[in-house]
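Here the structure is laid out as structure tokens; the discussion comes afterwards.
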Amino acid sequence: MKKISLPKIGIRPVIDGRRMGVRESLEAQTMNMAKATAALISEKLRHACGARVECVIADTCIAGMAESAACEEKFSSQNVGVTITVTPCWCYGSETIDMDPLRPKAIWGFNGTERPGAVYLAAALAAHSQKGIPAFSIYGHDVQDADDTSIPADVEEKLLRFARAGLAVASMKGKSYLSLGGVSMGIAGSIVDHNFFESWLGMKVQAVDMTELRRRIDQKIYDETELEMALAWADKHFRYGEDQNAEPV
């Protein structure tokens, strides 16, 4: 059986690329911000299967097109399905943003005392809007000292909330939705909208009739061990309501 490759979260530390002391003074702070974000996500989140979520950090801070391209090349080779861009400072907006139109992305601009990431966050989000590529905004409520490496509670909540949603989208992408049966009792809500699955989730849609399910049950075309495990789990965790049907005669 083929092992499913779980999507990873890419962390993009972006930085002010101006030299002569500007970039040099921000390298450590920016990369530490990326490492703290990765550590938080890896510690707090799990995939639906229970596996720990892996994060991939860009090899260098990103100040322009070349480093952005190198980061994208690394992410493409490691099955990164979600990205979070982090920065404590101003950066060149359109040169550093994640331009992948299909990948969920967020930007965390550090709310600090010296070179706050608020200006970059606003500029980058404006660029995303102008280009029609959505991005989720993350910004802390309280101002932090420039050397404060902690992640505030409100920022942590936003990072984890985005990461969960982004991983859900990335995990579904490229998979198939299987529809069993047709429209039930004329209820329009049971009509499978192919366009939604294909355009918004990147999924295919396939359908089989309920008679196929019956055939597989009758001919035992299933893993009996897996069925026993599923039934045992259901009996342990489900609460069954009282059966109101009459006793069979």
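For the sequence shown, the positions run 1 to 249 when UniProt numbering is used.
We put the beta carbon where it would ideally sit given N, CA and C, even for glycine.
It should be emphasised that the depicted structure is a prediction, and the values quoted were computed from it without experimental measurement.
Same chain, Cβ closer than 8 Å to residue i, five either side skipped, listed in chain order
i: VAL192; result: TYR177, SER179, VAL205 and ALA207
i: LEU125; result: ILE107, ALA135 and SER137
i: THR30; result: PRO13, VAL14, ILE15, CYS61, VAL86, THR87, PRO88 and CYS89
i: MET172; result: LEU201, GLY202 and MET203
i: HIS194; result: VAL205
DSSP three-state assignment for residue i, whether helix, strand or coil
i: ALA146; result: coil
i: PHE136; result: strand
i: GLN244; result: coil
i: GLY189; result: helix
i: ILE84; result: strand
i: ILE57; result: strand
i: SER249; result: Note that residue 249 is Val in the sequence shown here, rather than Ser. Coil.
i: residue 255; result: The first residue shown for the chain is 1 and the last is 249, placing residue 255 beyond what the model contains.
i: TRP90; result: coil
i: ILE97; result: coil
i: ILE217; result: helix
i: LYS105; result: strand
i: VAL119; result: helix
i: ARG52; result: strand
i: LYS8; result: strand
i: ARG239; result: coil
i: ILE62; result: strand
Buried or exposed by the 16-neighbour rule on C-beta atoms within 10 Å, applied to residue i
i: PRO248; result: exposed
i: MET20; result: exposed
i: GLY132; result: exposed
i: CYS49; result: exposed
i: PRO116; result: buried
i: GLU236; result: According to the sequence shown, residue 236 is Lys rather than Glu. LYS236 should be labelled exposed.
i: LYS158; result: buried
i: VAL155; result: buried
i: PHE196; result: exposed
i: ALA58; result: buried
i: THR225; result: exposed
i: SER76; result: exposed
i: ALA39; result: exposed
i: ASP98; result: buried
i: LEU26; result: buried
i: SER68; result: buried
i: VAL53; result: buried
i: GLU198; result: exposed
i: GLU212; result: exposed
Own chain, CB closer than 7 Å to residue i, minus 5 neighbours either side, in chain order
i: MET33; result: PRO13, VAL86, PRO88 and PHE110
i: LYS44; result: LEU160
i: PHE238; result: none
i: ALA51; result: LEU6
i: HIS128; result: ILE97, PRO134 and ALA135
i: TYR139; result: GLY109, ASN111, ALA118 and LEU121
i: ALA36; result: THR149 and ILE151
For residue i, the residue or residues it bridges with in DSSP
i: GLN206; result: LEU178
i: THR211; result: Partner(s): none; THR211 has no beta bridge.
i: PRO13; result: VAL86
i: GLY112; result: GLN144
i: ARG164; result: According to DSSP, ARG164 bridges with nothing at all.
Cut-off 6 Å between Cβ atoms - residues of its own chain near residue i, not counting five sequence neighbours on either side
i: VAL56; result: LYS8, GLY10, GLN78 and VAL80
i: VAL169; result: PRO104
i: ALA63; result: ILE15 and GLY17
i: TYR120; result: THR87, TRP90, CYS91 and GLY109
Anticipated Cβ contact below 8 Å, residue i with residue j, distance rounded
i: THR113; j: ASP145; result: 6 Å
i: VAL82; j: LEU167; result: 6 Å
i: ILE41; j: ALA163; result: 5 Å
i: MET210; j: GLY181; result: 4 Å
i: MET65; j: GLU24; result: With a Cβ gap of about 20 Å, MET65 and GLU24 do not count as contacting.
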